[in-house]
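Chemist: With the sequence shown counted from 1, adding 938 to any position gets you this note's numbering. The C-beta atom is built at its ideal place from N, Cα and C for all residues, glycine as well.
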Amino acid sequence: MNLKNENFNKLATRILDLCRDIADQRQILGACICGYHSLGLCYGEKYVSVLLVIDGFQPLLLSYIRVINGKYVLIQAVDKKIFEKDVREGFLGDALAINLALPYVPVYGRKYLEKLEIMLKYRFLYELLVNLILEFPELSSELYIKPEYFVVEALTSRARLFPLLIYDVSNFLSKNFRDEKFK
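#1: Below 8 Å on the Cβ atoms is my contact criterion, and I expect I971 with I992 to pass it. Report the Cβ-Cβ distance as a whole number of Å.
#2: Excluding five sequence neighbours on each side, which residues of the same chain lie with their C-beta closer than 6 Å to the C-beta of A1035?
#3: Quick one, which of P1085, L956, L1077 has its alpha-carbon nearest V1005's?
#4: Where does V1068 land, buried or exposed, given buried means 16+ other C-beta within 10 angstroms?
#5: What is the residue span of the alpha helix (DSSP H) that K1095 lies within?
#6: Compute the Euclidean distance between the alpha carbons of V1043 and E1076, then round it to the nearest angstrom.
#7: Per DSSP, P1044 is paired with what?
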């Protein structure tokens, strides 16, 4: 194990401890390090973004900022029902659900997060196909679409709505990493 992986594992352990403190006695369903921080490509950066899904969390959605080893940790804590509604229907404009469409590392609740990730990507695909059919009804039965279109369109359309996503989306879609991610 190299030093970066060891440091990342220590950071993930400390983050999980913070998440448990925030959840108090409530059940944590999922916690993940989001965006490019999860791939270990942002070691020089001073912050880490974390998504925390808690069953019965009040006040439904709240952000916390903590410091671990000189890094700011932004934890977005959300109630299970609100988060699942964002995944299923875009209830919050996909503001939190989009974290599952970008690279992330589960810290807790891997199966739960993967199940919701599949639901989210299915919804994105369905919405894009419906839009294509509505825009090009006469061509819809003969369209040949590269699979990459769906990823690029789903992410860029949401990045336009949430400018803070532009950094993660542009890194995700950059040529340096594109070939590996789309396999």
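Modeler: According to the data block:
#1: So it is not a contact: roughly 17 Å between Cβ atoms.
#2: When the five nearest sequence neighbours on each side are left out, the beta carbons in the same chain lying within less than 6 Å of the beta carbon of A1035 are those of D1024, V1025, L1058, in order along the chain.
#3: The shortest Cα separation from V1005 among P1085, L956, L1077 belongs to L956.
#4: V1068 comes out exposed.
#5: Residue identity check: residue 1095 is Ser in the sequence provided, not Lys. From DSSP, the alpha helix (DSSP H) with S1095 extends over 1085-1099.
#6: It is roughly 42 Å from the alpha-carbon of V1043 to the alpha-carbon of E1076.
#7: When beta bridges are read from the DSSP output, P1044 appears opposite C970.
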